[in-house]
Structures are given as C-alpha cells and as structure tokens.
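Working notes, structure below.
There are 2 protein chains.
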Amino acid sequence: MGEKLTTLHALAEPNRFHIVELLRVGPLTVGEIADSLKLRQPQVSKHLRVLSDSGLVEVQPIANRRIYKLQSQPFLELEEWLDTFRNIWEDRFDRLDEYLKDMK
Amino acid sequence: MGEKLTTLHALAEPNRFHIVELLRVGPLTVGEIADSLKLRQPQVSKHLRVLSDSGLVEVQPIANRRIYKLQSQPFLELEEWLDTFRNIWEDRFDRLDEYLKDMK
DNA sequence: TTCGAATATTCCTTTACAAGAATATTCCTT
DNA sequence: AAGGAATATTCTTGTAAAGGAATATTCGAA
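Protein chains in written order, with this note's numbering: chain A, 1 to 104; chain B, 105 to 208.
Written out as structure tokens, the structure reads:
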C-alpha cells in the first residue's frame, strides 16, 4: 500500500508531473528536461531524485550525462489499483439506499 | 490537465487515501470514518472537504449527519490517463538505443 | 425552546517540501 | 594534469498544508 502512496506523492507535484509527461515521448537528459520546462538544473535533478526513488524513472549514465526514462511498473500498479474500483461503479446501483435503511 | 493534478494531490495524502479505501466498501458518515481511522472529527471533516472539492466524493446530508460516498469520474479520468501510457510500454522496445544514436 | 449530537469552520502552531544559491562530483577533452 | 560541462548535493529560506484546540452551526428530540 505504501508504494501506491509513494507513486501518488511523486506524481502529485506539478513539475514532476510535467517531467513525466515529457519523458513519455522518450528518454531525456537532465539538461534537456531543464530546458524544455524552463527550470533550473538543480531543481530538475532533485525532482528526478524523487521520481527515481519512487521507481517511476530509471537512470542510465552515459559519460557526463544521465539519461532518464520512464519505468512502467509503478504506473501499471497504480492502474491496477484504480481498476479494482471498477467493480464498485458497476456493482452497486448506489448502495446509498441500502445504507440509509441499515442506519436505523 | 489540472484535474489530474488535483486528483493526485488529494489522493497522495495518507489519511485521505485511507478514507478513500474505506469508502469503497460503501457510504459512511464523518463519525464512522473518524472512528475507523482513529482520527479526530475536525481533521476528517477537513480531509473530506479536500476530497469533496476535488470531486472524489459526494456528500448527502441526512438530518444531522452527512453521508459521504465515492464519485467515479475522477478515478475513471485518472485511469484513462494511465491507460495512455500503455502504448509506451508496448510500443517502444526501449527507444533508449535509438536515443543514444541520435545523441551524437 | 432548550439540549445534545453530528459536523463544519476558524485560528494557531508545526511540519514537509519546493525553490534559490552555492558548492561538490564526475567525466571528457586538450 | 587542467579545465570545462553536465549533474548531484547541501544549506538556507519561504510557503503550503496538516494537526490541535476551540468554537460555530445545524438538526432532531424531549
């Protein structure tokens, strides 16, 4: 359960969300991300750190540079979680009535 | 795009996440949620406010009480978003190689 | 019409975290 | 070996937001 919260927390920050949106096109270096998003390099590095710690991105060092790319697992897990709600929307034709009866 | 961020932000807070997990079983009053989660009533009300503002829950007042229940739309939208990543995982057999070639 | 229960709101304090600035690290090139 | 590029880290500061305590509101029941 903690993983989902970690994923959510990482994605909930606007700049990190944007980074993820950028990376979906393909792998990018820190500098490229900073340029695209008009952010300063240190902040990008810090956000990438959070994304990396949460498993959302993977880094591959090439010489001087670090190439970041998305990692599928956390996304898939989050989607799986959301999928478990699907039953609820269909299943219950609004259990509210039922609840009100039970309520005394 | 802002809606997704709003949804993510609302879900990323542990107590709110727990509230959502509770509500998937069925509608609940503020007091019931507070009891289950061993939280103080005001904090629960405040978290429910955030969830309500972000459209994740709906409230139905019955006399003294307020019954909160999940709202499907934000969940569906978030899942839709996650679904747009699916192409990426399948589509690209790791475009990293490609990237490295382009990189000079 | 007052009382108590359920809930919301306000104000204050505290904490988490993002940005800024400066510096450290790593690696290529010469 | 030295210098410069790309990136990471550290320290500080500012701010948003969560918790605590008290109070306001709303409603049913007596």
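All C-beta atoms, glycine included, are put in the ideal place defined by N, C-alpha and C.
Here the structure is a predicted model, which means the values were calculated and not measured.
Count the other CB atoms, across all protein chains shown, that sit within 10 Å of the CB of residue i; report buried if there are 16 or more and exposed otherwise.
i: W185/B; result: buried
i: P27/A; result: buried
i: P74/A; result: buried
i: A63/A; result: exposed
i: R120/B; result: buried
i: D91/A; result: exposed
Compute the beta-carbon to beta-carbon distance between residue i and residue j, rounded to the nearest angstrom, for a pair I have assumed lies under 8 Å.
i: V134/B; j: L152/B; result: 7 Å
i: V50/A; j: A10/A; result: 5 Å
i: S72/A; j: W193/B; result: 4 Å
Got a sec? Which residues, its chain only, sit under 7 Å from residue i by beta carbon, not counting five neighbours each side?
i: L78/A; result: K4, T7
i: L23/A; result: V57, Y68, K69, L70
i: S45/A; result: V30
Leaving out five residues on either side along the sequence, give the residues of the same chain with a beta carbon under 8 Å from the beta carbon of residue i.
i: P118/B; result: none
i: K104/A; result: Only weak support exists for where K104/A lies, its pLDDT of 48 falling under 50; the coordinates are left without a value.
i: Q41/A; result: V30, G31, A34
i: H122/B; result: L141
i: D201/B; result: none
Run the proximity test for residue i: is its beta-carbon closer than 8 Å to any non-hydrogen atom belonging to the ligand SAH?
i: L22/A; result: Among the components modelled here there is no ligand, and therefore nothing to report on the ligand SAH.
Only counting the same chain, and skipping five residues up and downstream in sequence, which positions put a Cβ closer than 6 Å to that of residue i?
i: Q60/A; result: I67
i: R169/B; result: T133
Any contact between the region 82 to 92 of chain A and the region 49 to 59 of chain A? By contact I mean 3 or more CB pairs, one from each, below 8 Å.
In short, these stretches do not touch, since the Cβ pair count stays below three.
Would you list, in chain order, the members of the region 61 to 79 of chain A that have their beta-carbon closer than 9 Å to a beta-carbon of chain B?
I62, R65, I67, K69, L70, S72, F75, L76, L78, E79
Between the region 33 to 43 of chain A and the region 2 to 11 of chain A, can you find at least three pairs of beta-carbon atoms closer than 8 Å?
Taking 8 Å as the limit for Cβ pairs, the verdict is that the region 33 to 43 of chain A does not touch the region 2 to 11 of chain A.
Interface positions of the region 113 to 132 of chain B facing chain A (Cβ-Cβ less than 7 Å), listed along the chain:
Answer set for the region 113 to 132 of chain B: H113, L115, A116, P118, F121, R128, G130, P131.
Chain B contacts from the region 26 to 50 of chain A (Cβ-Cβ distance under 7 Å):
G26, P27
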